[in-house]
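Under the working numbering, residues 1381 to 1567 are what the sequence shown spells out, in order.
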Amino acid sequence: DLSTLVYNIEKKYEDKGYLLAKIKPELEPAADTADAPVNLVINIDEGKEVKIKSITFSGNHSFSGGDLRGAMKDTKEKVWWMFWRSAKFDKKKFEKDKQNIVDYYREHGYIDASIVSDSIWYGPKKENMFIHFNVYEGKKYYIRKITWEGNTRFPTRALNERHDMKPGQVFNEVKFDENLRGNKDQT
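Set out below in C-alpha cells:
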C-alpha cells in the first residue's frame, strides 16, 4: 500500500529529527509497458533538521523550569555548551518525559499535580521547536500519622521499617508505590 510506504518513510525521517520531511509519491508512465505500466517515483523534501530550542513552563510555583526540565530524561533543549547532546524530538520519549515531570512532583508531595496542557510550535525558519507546559501543582501533602489495621502476620514495627516513611515527612507517592511492591534497599 502506497500510504503505508509514505508513512514508514516519514517515520524514518522523524526519528532522525526531520519532522517536516515531505514525501510525495508519483506514478509515471513507463517507456516499456510490457512488464510494468508505471514507475513509482518518490520525491523527498527532507526539510531542515528540527532541534528543540526551548522548553518552558507556566503554573509552576514550587519548582523552577530548570528543575522540571531536569526531570525530563530524553527531551532536552539544544544548548551550545553541550554540543554532543541530541536535541531531537521523539514523540514516544516526549510522552514518557511528561510522566517524568508528574512523577517529579509526586516524589515531592504534590500528588494532585498534572500537566494541564502542552504546546509545540516551530520558529519562522522551521529549524527550531518550542515546547511549553502548563502545569497544575496542587497542594503539598505530608504524612500525619501511619496506622496499620488487620496486620496479624507482621508486627507494626516491622511494617513501619519496611515502609520507610515517618510522620511529618513529605509524602512521596513514587516511594510509597515502590515500598508496596518491595523496597529495593530492604530486600
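Every residue gets a Cβ at the ideal spot worked out from N, C-alpha and C, and that includes glycine.
In this structure T1455 is buried. Its beta-carbon is surrounded by 16 or more other beta-carbon atoms within 10 angstroms.
Here D1477 is buried, its C-beta having at least 16 other C-beta atoms within 10 Å.
Within the model, the alpha-carbon separation for H1543 versus E1487 is close to 15 Å. Our two residues, D1498 and E1475, have alpha carbons roughly 11 Å apart in a direct line.
Distance between K1520 and I1481, taken at the CA atoms: about 15 Å. Note that the region 1424-1431 touches the region 1396-1403; at least 3 beta-carbon pairs, one per stretch, sit closer than 8 Å. Here D1447 carries a helix assignment [DSSP, helix/strand/coil].
When only Cα atoms are considered, K1468 and L1539 end up about 45 Å apart. In the structure shown, the three-state DSSP call for I1491 is coil. Taking each of G1548, S1383, V1496 in turn and checking the Cα distance to N1514, the smallest one comes out for V1496.
Here the alpha carbons of Y1393 and L1407 stand approximately 22 Å from one another.
Inter-residue distance for S1434 and I1511 is about 6 Å (C-alpha atoms, whole angstroms). A straight line joining the alpha-carbon of E1390 with that of P1405 spans about 12 Å.
Taken through DSSP and simplified to helix, strand or coil, T1436 comes out as strand.
For H1512, the enclosing beta strand (DSSP E) stretches over residues 1508-1516. For A1411, the number of other beta carbons within 10 angstroms of its own is below 16, and it is reported as exposed.
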